[in-house]
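What follows is a short report on a single structure.
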Amino acid sequence: MSTAVNTKKLTIVQAITDALREMLAEDESVLVLGEDVGKNGGVFRATDGLFEQFGDDRVIDTPLAESGLIGSSIGLAMNGFKPVVEIQFLGFIYPGFNQLITHATRIRTRTQSRYTVPLTVRAPYGSGVRAPEIHSDSTEALFTHIPGLKVVVPSNPYDAKGLLISSIKDPDPVLFLEPMKIYRAGKEDVPTESYSVPLGKASVKRTGDDVSIFAWGAMVRVAEKAAEEASKNGMHCDVIDLRTLYPLDKDAIAESVQKTGRAIIVHEAPSTGGVSNDVIEIINDTSFLFMRAPIKKVTGYDTPVPLFTLEDDYAPDEKKIYRAIEEVTRF
Amino acid sequence: MSTAVNTKKLTIVQAITDALREMLAEDESVLVLGEDVGKNGGVFRATDGLFEQFGDDRVIDTPLAESGLIGSSIGLAMNGFKPVVEIQFLGFIYPGFNQLITHATRIRTRTQSRYTVPLTVRAPYGSGVRAPEIHSDSTEALFTHIPGLKVVVPSNPYDAKGLLISSIKDPDPVLFLEPMKIYRAGKEDVPTESYSVPLGKASVKRTGDDVSIFAWGAMVRVAEKAAEEASKNGMHCDVIDLRTLYPLDKDAIAESVQKTGRAIIVHEAPSTGGVSNDVIEIINDTSFLFMRAPIKKVTGYDTPVPLFTLEDDYAPDEKKIYRAIEEVTRF
Amino acid sequence: MDMNEKFPIVQLITGDGRRTGAISENITIEKAKRFYQHMVFSRLFDRKAVNLQRQGRIGTYAPFEGQEASQIGSALAMEDGDWMFPTYRDHAATAAFGHSLKNIFLYWKGCIEGCVPPKGKHIFPPSVPIASQILHATGTAWAEQKKGTDRVSIVYFGDGATSEGDFHEGLNFSSVFNIPVVFFNQNNGYAISVPLERQMKTKTIAQKALAYDIPGVRVDGNDVFAVYDETIKAVERARSGGGPTLIEAVTWRYGAHTTTDEPSKYRDQSESKRRRENEDPITRVERFLEHEGAWDSNWAENVHEEAEQKLDEAVIEMEKTIKSDESLMFDHVFGTDVWPVQEQKHRFFYEGSEKG
Amino acid sequence: MDMNEKFPIVQLITGDGRRTGAISENITIEKAKRFYQHMVFSRLFDRKAVNLQRQGRIGTYAPFEGQEASQIGSALAMEDGDWMFPTYRDHAATAAFGHSLKNIFLYWKGCIEGCVPPKGKHIFPPSVPIASQILHATGTAWAEQKKGTDRVSIVYFGDGATSEGDFHEGLNFSSVFNIPVVFFNQNNGYAISVPLERQMKTKTIAQKALAYDIPGVRVDGNDVFAVYDETIKAVERARSGGGPTLIEAVTWRYGAHTTTDEPSKYRDQSESKRRRENEDPITRVERFLEHEGAWDSNWAENVHEEAEQKLDEAVIEMEKTIKSDESLMFDHVFGTDVWPVQEQKHRFFYEGSEKG
Ligand SMILES: Cc1ncc(C[n+]2csc(CCOP(=O)(O)OP(=O)(O)O)c2C)c(N)n1
Ligand SMILES: Cc1ncc(C[n+]2csc(CCOP(=O)(O)OP(=O)(O)O)c2C)c(N)n1
Ligand SMILES: [Mg+2]
Ligand SMILES: [Mg+2]
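If you're matching them up, the sequences are chains A, B, C and D in order.
Position in the first sequence (from 1) plus 16 gives the number in the numbering used here.
Position in the second sequence (from 1) plus 16 gives the number in the numbering used here.
Position in the third sequence (from 1) plus 127 gives the number in the numbering used here.
Position in the fourth sequence (from 1) plus 127 gives the number in the numbering used here.
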C-alpha cells in the first residue's frame, strides 16, 4: 500500500489538512467554508495554512450561522462548486439540520438528478478532550437515518486523508466525522500524493476466530487494546473498523460474524437508536443461524454526554469491552 | 375500562382536541401554541374551538418560526407553564431541532432538576393523505435517539386522548406524533372525562402463537388486517401496538417473542436506523434463545418519501406484511 | 422613524389604470400588452389548477389569484441563465420564466418529474420548508459571483417566511459577501390564517433591509409596471456588483391558502372582493390600455383563447402520466450504487408481493 | 440613513474618567464605588480562572477581561426575581447577579453541579449553542408577562450571535408579543477569529432593532455608568409594559477567545494594549473617582484584598470536588423512572467492571 510512494508522518488532523490542500490544489471547484477556517486555520487547526495558500476566495470564513452555512453551500454545490464545510463541533450542526435533511440530501431525488449536491460537511465529534458542554456529542445515528446522506468516520491518519478525498469527490452529500479525541493521538505514514480510500468498505484491524468487534473512530483503538488483552486469555477477536456508517459494509460484517458467531459493537453514542442497532439488523438478516450468543453492545448511555469529569465514565473503555468479550464467549 | 363512564364517538383528531380542551380547562398552566392553532383551529382542526373557548392568552398563534416556537416554549416551560406546541407537520420540526436536542431535553440534567421542561410537542406525521412534498415524513427514529425525550404515537381515538393527557402531565418533554392518515379513519367510544393511558406501555391488539408483529400509528391497523388474513391460513399473530417509542415496552416485546419465536416490525420510516432496530436489539438482548427465525422488517425505503403518486408503493401494506409473515413462519 | 414614510409604496399606475406621474421608461403599450398576456395566462392557469383539484385530477394546490402582477412583473425582469427559487405559490413566475406547464401540473399531481425544469432553465422546485430556499438562492448567486458571470438569483417568499431564521441568515450572508441576489417578498398579508400583525411588529417588510445595510423597497404588488421597474433596478444592481436587494411587493391573495384551506375561518372575504374591484392587477392593465387608447378587445379575446388552448394541451400532456414510475423513487437517491437502496429496489420489483 | 448618526454611542464618562456632560442621576460616587468593587472583583475572578486553567485545575475557560463594564453595568440593573441568561463569557454578570462562585468554577472544571444557581436566583447555565438562549429569555419573560408580574429577562450574547437565526426569531417573537426582555449584546468585535466586518455588513448592531420596530441603543460598553443607565431604562420600559429593547454595548476582549485560542493568529494584539491604556473600564472609574475627589487608595486596596479572599475561598470550595458523582449523570435525565436509563445506571454501578 505504501511501498513505492513518498510518505510523511502525520496526525489525523494533519492528514485532513493534507487532503484539503490536495483537493483545493487539484480541483478549482473545491471550496472550504466555515467559522474560523480562514486566518485562524480552524479551532483544531484542520485548515491551517490553507487561507494563506489559496486565499479568501477559496477558504472562506463565514458568519456564525450553521443553517446559512449549509444552506448557501447547497446553492454553491448545485451551481458547480464542491464545498467542504467545517462545522466547529458536531454538537453545533443542529441549527443546520433542516438544510441537511430536507434539502442537501433530497435535491438529487427531487430534481431527478438535474441538480446535485456534492457537499462534504466535516465535523469533529465525540468526547475525551475535556471540552465544554455540547462539544462532545456522538450523534452519528441521527444522520445515518437520513436517506441520501453518506456518513464516514476515519480512525487513523491514512484513512482520514483517503476517506476525505473520496468524500469530496463523491457526487453526493457526505458527513465526515472526525474523532477529535485522536486528532493528534499519534503520527503515521501518509502518502504525500492524492489517493482515496473507498467509501462503504470496512477495514479489518485484527483477526480472531472467537468474537467480532465492530467499532469506528476513536473506539477502534480502544477495541483493539481490549482484543489484545483478551487474546492473552485465549479469546481471539476480529476487530473491524467500519469506517463508513452509511452505507455499512454488510459483507464484511457478515463474513466476520459467520466465522465467529459472536459480536460486540462499540460506540460512544447513546445506546438506544445507535448505529450499533443497524449492525445488529445486518447480523440478524445475514447470519441468524451462525450466532452462538446474543450480540453485546458497549456504548454511551441514554443520557446527555456528561461534563468532562464524567466523560471517561460515559464512554466505552477497555474494561467494559473486555467484559463484553468475556460475556459473549461464556454465553 | 369504559363500563360506567360516559363516552362519545370521536375520531383521533377529535380525541386530541378533546384532550387539549380537558387539559386547558383543568390546568391553568397549560398553553397551546403554534402556527394557525388559533382562529383557524389548526390545519387539521386539532385545536378547533379552543381559541374561542380559552382565548388568545391560552391558545396562541405564533409567528412562523419553529425554533422560535420551541425555544420560547422552553422558556415558558421553565417558568411555570405547560406548553403544548403544534408543529404543523413533522417535516417542519427540523428548524427547531437544535432547541429540542440541545435544550428541551438537556435542561433537567444540566440544571440537576432545578429547571425542568414539561413541554409537549405535537406533530402529525406519515404518508397516506396525498400531501405535498416533505409533509409525509416518518422520522420518529431521529427523536428516540435523543436522551431526555419521550416519543409517543397513538393508533386509535381512545389512546390518542389518554396518551396526550399523559404526555401533557409528564414532567419532561414528550414528542407526540399523530398519524395523520388515520386522523379521521373512524370514530370510537372515548370517555368524555379526563383519563390517562400510561406512557411506556404497549397494547396487545390481537393474539396468536406463531408470529409477533410490532407496529405503531397508522401501521397498527394494516398489521391487524395482514394478521387477520394470515390467521385464515393458519398463521396466528400477536399484533402489538408499541404506543410509546421511547422508552419501548421491553417486557411486552420479550413476552410476545418468547411465546412466538418469530417477529416482524412494521414502520413507515426508512429501514436503516429505524425504531425497528431498537426492537431487534431488545429481542436480541432478552430473547436470543427463543428465536426460531430471523426477525423481518416491513418498512419504508432508504429514500426520501416519494410524492404522493408513489406513497402507497413506499409504505408498508397488507401484502408486504403478509409476505413477511409467510417468510418468518416458513424459515 | 416612520417606516411608512421611509419606505413608501412605489406605484406607477393607480388601481384604476392611470399614470401616477412617476417617470419610467417601462410604461409602454408594448410592455403593457406583454404583461397582460402573461397575467391573463397565469390567472387561467391558476383557475384551471383549482378546478383540476376539485375534480380530483391533481392533489392539494396553492392558488395565487390576485398576486399575478407581483410574479409576472418580477419574473419578466429576469434573463435566461438567471436562477429562480419559487415557493409553492409562484407558478405565474416560473411559467413566465419558462417552466414546463405540464411539469407544474405534474408536481401537484404528486409526480416527482414535475420538479424538473426545462433544460437550461434554472428553476428550482418549490421549496416546501418555508424560507429555506432563500439560502439556496444565496448560494447559487454566490457561485455565479465566484465564476465571474453577471447572472443573478431571484428568490420568492411570503410575509410569513420573514419570521424564519433562514430569512435572516440568507440576507445576512448575502449582504456580507455582496452576493447578487434579489429577495422578492410577496406580502399578501397572511401566512395561512396568521395575519401580518401577528407575524411581525413592523408595518413594513422592506425596513428589514436596514438590518443588513442593503437596499429595501416597497412596491405596489398589484402594479405590474412598478414591480417590473423595481425588480429591473434590483437585478441591474446585482449584475453590476451592487449586491442584494430586498423587495416587498404588497399584494393579496383573493382565495384560500390552499385548496384544503377555508379562509372564512380567519378573515372576512369581503376584503378580497373589495380588492378585486379596486386593485386587481389585470383589470388595472386593461384600464391602462383603455386610457392610453390601446385597448383592443379582439386581441384580448385572442389572448384568452390562446391561453386556454395552451393550458388544455398541458393538461392533456399531464394526464398521460397516471403515476410516476416506481423506479424514480430509487434511482436518484445517490449518484453511485448504494446497497440498501439497490436491495430495496430489487425487492420491490422482483419479489412479487412487494410491488403493490 | 447614517446608522452611526442614528445610533450614536452613548457615553457618560470618557475614557479618562471625565463627565461627558450627559445628564444622569446614576453618576454618583456611591454607584461608582459599587461598580468599581464589582469590576475589580470580576477582573480578579477572570485572572484567577485563567491561572487555574493554566495549572490544569479547571478546563478550557473563556476570559472576559475588558468587558467588565458591560457585564457589571447591566447585571446591577437587574433585580431579584428577574431572569438572567448568560453566555460562557458572562461570569462578571452572573456573579454580580448572585451566582455561586464555587459553582461557576465547578462548571469550568467539568462538573454539572456548576450549572445550578443559588436557590431563588434565576440564572441559567451558559448556553453553549450560540444565540439559542435568546429564545429562553423570551420564553421566561413571556411567562412573567402571562403571570402578570413585573419581572423581566436579560439575555447576553455576542456580535457573532447576531448572525444566527435564533437571534432573529427571538427578537421577532418578543416584539410581536411585547415581551419584557432586554437583549444585551456585547459587541467585542470578534467571534473567535472572525471580525465584525465578516459577520455583518452593518456598522452597528443596534440598528437591527429597526427590523423589529423595537428600541435599539448603542452604548460605550467600557463605560459602566452608561451601560447601567441604558440598561435601567430598558428594564424599566420592559417592566412597565413597553416591551423589549436591544442594547449594543461596544467593547473589546483583551485576551484570547478561550484558553485554547491564540489571538495573534488573527489580530494584532497591540489594539488590545491601546484599548487597555485608553479605554479600560476599571481605570476609567478610578480616574472618575480621582476627578471627583473621591478616590481612596486604602479603600481600593481593601476592595482588592477582599476580592482575593473571596476568590480563594471559592477555589478551596471548588477543589473539594474532585469530580462529579457518577450518579448525577443518570439521575436527572427524566423526572420519572425510565428503564433504559435505570438499567444502564444499574449496570454502571453494580456490574463491577463497568465502573472505571
Ligand atoms: C418550516 C415550515 N413551517 C411550516 C410550514 C407550513 N406552512 C406552509 S405555507 C405556510 C404559510 C406561509 O406564509 P407566507 O410565507 O406568508 O406565504 P404565503 O403562503 O402567504 O404565500 C405555512 C405555515 C412549512 N411549509 N414550512
Ligand atoms: C451554534 C454554535 N456554533 C458555533 C459555536 C462555536 N463558537 C463558540 S463561541 C463562538 C464565537 C461567538 O462569538 P460572539 O457571539 O461574538 O461571542 P464572544 O465569544 O465574542 O463573546 C463560536 C463560533 C457554538 N458554540 N455554537
Ligand atoms: Mg403570506
Ligand atoms: Mg464577539
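Even for Gly, the Cβ is constructed at its ideal location relative to N, Cα and C.
Chain D places a beta carbon closer than 9 angstroms to that of B/K166, counting this residue as a contact.
Not one heavy atom of ligand 3 sits closer than 8 angstroms to the Cβ of C/G382. The three-state reading of DSSP puts A/V145 in coil, since its state is none of H, G, I, E or B. A distance below 8 angstroms between beta-carbons, with the five flanking residues on each side excluded, links B/Y110 to the following residues of its chain, in chain order: E82. Exposure of D/G183 is indicated by the presence of fewer than 16 other C-beta atoms within 10 angstroms of its C-beta.
Listed along the chain, the chain A residues whose CB falls inside 9 angstroms of the CB of D/Y163 amount to none; the nearest CB is some 31 angstroms away. Ordered along the chain, residues surrounding ligand 3 are C/G285, C/D286, C/G287, C/Q313, C/N314, C/N315, C/G316, C/Y317, C/A318 [Cβ under 7 angstroms from any heavy atom]. B/G316 has B/P286 as its beta-bridge partners, per DSSP. When DSSP assignments are scanned along the region 119-189 of chain A, the uninterrupted stretches of alpha helix (DSSP H) that are 4 or more residues long and fall wholly within it turn out to be 123-126, 157-160, 173-185. Here D/E432 is exposed, its C-beta having fewer than 16 other C-beta atoms within 10 Å. Nearest to D/G368 by C-alpha distance, out of D/F134, D/Y393, D/V309, is D/V309. Looking only at B/A309, B/L179, B/L116, B/K197, the smallest Cα-Cα distance to B/Y211 is reached by B/L179. Between B/T121 and B/P170, the C-beta gap is not smaller than 9 angstroms, which leaves the two residues out of contact. Exclusion of the five residues before and after C/E444 leaves K229 as the residues of its chain whose Cβ lies within less than 6 angstroms of its Cβ.
In the DSSP annotation of this structure, D/T463 is not part of any alpha helix (DSSP H), being labelled neither H nor E. In this structure, D/G225 sits away from D/P253, with a CB-CB distance that is not shorter than 9 angstroms.
Here DSSP, grouped into helix, strand and coil, assigns C/R325 to helix. The beta carbon of D/N131 sits closer than 8 angstroms to the beta carbons of K330, T331 from its chain, once the five residues preceding and following it are set aside; these are given in chain order.
Exclusion of A/T315 from the 8 angstroms shell around ligand 2 follows from its C-beta lying no nearer than that to any non-hydrogen atom of the ligand. With a cutoff of 8 angstroms, B/Q115 does not count as near ligand 1, since its C-beta is closer than that to no heavy atom of the ligand. Secondary structure of C/T187 (DSSP, three-state): coil. D/L438 and D/Y234 have their C-alpha atoms some 15 angstroms from each other. Apart from sequence neighbours up to five positions away, the residues of its chain that approach D/H165 with a beta-carbon distance below 6 angstroms are I199, A223, ordered along the chain.
D/G186 places its beta carbon less than 9 angstroms from that of A/R146. For B/M94, the closest Cβ of chain D is nearer than 9 angstroms. At least 9 angstroms separates the CB of B/P140 from every CB of chain A.
Relative to the Cα of D/S301, the nearest Cα in the group B/L36, B/F324, B/L92, B/K312 belongs to B/L92. In the DSSP assignment, B/G91 falls outside any beta strand (DSSP E) and lies within the alpha helix (DSSP H) extending over 82-94. In this structure, the C-beta of D/R216 approaches ligand 2 to less than 8 angstroms from one of its heavy atoms.
In the three-state DSSP reduction, D/R366 falls in the helix class (H, G or I). Around the beta carbon of C/T463, a 10 Å sphere encloses fewer than 16 other beta carbons of the protein chains shown; the residue is thus reported as exposed. The beta-carbon distance between A/T319 and D/M456, rounded to whole angstroms, is 5 angstroms. This is short enough to meet the 8 angstroms contact definition. Here D/G287 carries a helix assignment [DSSP, helix/strand/coil].
Considering only beta carbons, the part of the region 284-299 of chain C lying closer than 9 angstroms to chain D consists of T289, S290, E291, G292, D293, F294, H295, E296, N299, in chain order.
Against chain A, the CB of B/Y131 has no partner CB under 9 angstroms away; the residue lies outside that interface. For A/N114, the chain B residues whose C-beta falls within less than 8 angstroms of its own C-beta are Y110, P111, F113, listed in chain order.
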